[in-house]
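Structure first, then comments.
Structure follows, in structure tokens:
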């Protein structure tokens, strides 16, 4: 059984940008939900979810009602929920956690690491803390807000331990504190992933041979950051967020890192990687052995692309819902991708990242043929870098299958859905709702293959609705992190900052 543990969050919030699309309690997509009659901010699936959420929402509801046009970001709202919960004795509340492992550490909030002594020597973190404290005191009107020393420890524990809660498209829709799952260590090439069924976090093992309930749950690792990036960049990110230098097998694999920074061979018939020789500035193709004297153009382009990709990622949440902005975003990303494709190998991590952005924008602009081409090109890249059962591959397959289905290419669509379904046994777990949706897609394809002249009718309207949901999303960036449109972004599950 791939799911080896599951946990309900000790505290969680929906991102402000997703507040009308997802239930504020169970975190499932709810469309036209039940709105809180007082603050008109929180939205719920139904009265049952609203009742379950009331204990945590009640004080927040008062604060939001006081400032309906100035609701703080999700990080500040989570901060306030944690402060309120600790003030009412919640520090002794045990997590709602299930596992078939007998050996694991049972944690309370007080057991979380804060890295306080390291956190508050950095100007960036001090600034973030000051902004959060100001937002917190303004939001709560100083009601039961601890002194700064107490807030520093709470802030540190949230920053270091919070998980991004991801939707089916692997986009961040909220932030949560998962007390027991936060004890898992990091490895870039981890064979476990944290997936979400609404707010419920599922620890799934990608390799069932590694599941041993008599062993220690803490022997399982997860990846805090995307593996599809330079090792130096990934290590720098991990050091700045979690204060350790990763020395996993992936970080020590120099050849893999060289491929991630490789240029394309000048021979159009060669698919080899031109690997950079740092000492000479030149390189040699690992396919045809052709030497290249100077790779300065590729090196300079990668430096430029890294900065521009960061800027593109920051623009996604604000601009993707505005058609004119989406067009400008697409033009910028497509222009950058064209420059990269002239010099860089398809497995270059910078090119892969840009290609995701172009595909994302193409989807928003309904350029489905182009999006299909790009997502199909990305599939072998994903398979090269991540585990064969990784959820990013499954979600990419679902997106490609949905686009093929739009073109009524039923056999090709079924193949993509079938691959996703097989992967999801390990990446999502056999009972995950998305896996059941994919099975509906497969049956729909079978129906069309058996009756080629059949036209779509009301009996598969639910399939169309599910497909539409899987092709719509938002995207964002930050801390244990994963995202894209119908296909995955470059995220993993730890990333608390979001507006």
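In full-length UniProt numbering, the protein residues as written are 1 to 499.
Cβ atoms here follow ideal geometry from the backbone N, Cα and C, with glycine treated the same way.
Here the structure is a predicted model, which is why all the values come from computation and not from measurement.
Item checked: Beta-carbon proximity list for residue 283, same chain, < 6 angstroms, skipping 5 on both sides -> 274, 275, 276, 277, 292 and 295
Next item on the list: Counting only runs of 3+ residues fully inside the stretch 24 to 104, write out the beta strand (DSSP E) ranges in chain order.
Entry: 96 to 99
Note to self: Please return the same chain residues whose Cβ sits closer than 8 angstroms to the Cβ of residue 233, not counting the five positions on each side in sequence.
What the structure shows: 306
Check: Can you round the beta-carbon distance between residue 95 and residue 107 to whole angstroms, since I take them to be within the 8 angstroms contact cut?
Finding: 7 angstroms
Next item on the list: May I ask you to list the residues that DSSP assigns as paired with residue 202?
Entry: 6 and 195
Margin query: Per DSSP, what are the beta-bridge partners of residue 274 in this structure?
Written below: 263 and 285
Item checked: CA nearest to the CA of residue 303, picked from 186, 339 and 115 -> 339
Notebook entry, point to check: Buried or exposed: residue 449, going by 16 or more other Cβ atoms within 10 Å of its Cβ?
Noted result: exposed
Check: Of all the alpha helix (DSSP H) runs that stay within the bounds of the stretch 104 to 152, which reach a length of 4 or more residues?
Finding: 116 to 119 and 123 to 140
Check: DSSP state of residue 345, grouped into three classes?
Finding: coil
Notebook entry, point to check: Going by beta carbon distance, what residues of the same chain come within less than 8 angstroms of residue 102, once the five residues before and after it are set aside?
Noted result: 213 and 214
Next item on the list: Quick one: using the 10 Å Cβ neighbour count with 16 as the cut-off for buried, is residue 14 buried or exposed?
Entry: buried
Margin query: Does residue 134 pass the burial test, meaning 16 or more other C-beta atoms within 10 Å, or should it be called exposed?
Written below: exposed
Notebook entry, point to check: On the three-state DSSP scale, how would you describe residue 430?
Noted result: coil
Note to self: Using a 10 Å radius around the Cβ and a threshold of 16 neighbouring Cβ atoms, would you call residue 453 buried or exposed?
What the structure shows: exposed
Next item on the list: Enumerate in chain order the residues of its own chain whose CB-to-CB distance from residue 426 is below 6 angstroms, with the five nearest sequence positions on each side excluded.
Entry: 2, 206 and 389
Check: Should residue 436 go down as buried or exposed, given a rule of 16 or more other Cβ atoms within 10 Å for buried?
Finding: exposed
Notebook entry, point to check: Does the distance from the C-beta atom of residue 225 to that of residue 240 stay below 8 angstroms?
Noted result: no
Checklist line | Neighbourhood of residue 466 by C-beta distance below 7 angstroms, restricted to the same chain and skipping five residues each side | finding: Confidence at residue 466 is low in this model, with a pLDDT of 49, below 50, so its placement is unreliable and the value that follows should be read with caution. Here the set comprises 437 and 440.
Next item on the list: Find out if the Cβ-Cβ distance for the pair residue 6, residue 202 is shorter than 8 angstroms.
Entry: yes
Note to self: I want to know whether the stretch 255 to 262 touches the stretch 342 to 353 - three or more CB-CB distances under 8 angstroms.
What the structure shows: yes
Next item on the list: Output the distance between the C-alpha atoms of residue 187 and residue 376, rounded to the nearest integer angstrom.
Entry: 28 angstroms
Next item on the list: Taking residue 411 and residue 372 to be in contact with their CB atoms under 8 angstroms, please state how far apart those CB atoms are, rounded to whole angstroms.
Entry: The pair is not a contact, with the Cβ atoms about 15 angstroms apart (cut-off 8 angstroms).
Note to self: Helix, strand or coil, according to DSSP, for residue 351 in the structure here?
What the structure shows: helix
Checklist line | residue 525 - partner residues in DSSP beta bridges | finding: The structure shown does not extend to residue 525, since the chain is modelled only from 1 to 499, so the question has no answer here.
Notebook entry, point to check: Quick one: what does DSSP say residue 365 is sitting in, helix, strand or coil?
Noted result: coil
Note to self: For residue 416 and residue 400, which I take to be in contact (beta-carbon distance under 8 angstroms), what is that distance rounded to the nearest angstrom?
What the structure shows: 5 angstroms
Next item on the list: Check each candidate in 27, 29, 44 and 72 and name the one with the smallest Cα separation from residue 35.
Entry: 44
Next item on the list: For residue 163, write down the residues that DSSP places opposite it in a beta bridge.
Entry: 176
Check: Would a C-beta distance cut-off of 8 angstroms place residue 387 and residue 191 closer than the cut-off?
Finding: yes
Next item on the list: Reducing DSSP to helix, strand and coil, say where residue 242 ends up.
Entry: helix
Item checked: Minimum C-alpha distance to residue 116 - residue among 279, 360, 243 and 369 -> 243
Item checked: Three-state secondary structure (DSSP) of residue 168 -> coil
Next item on the list: Select from 313, 73, 370 and 152 the residue whose C-alpha is nearest the C-alpha of residue 18.
Entry: 73
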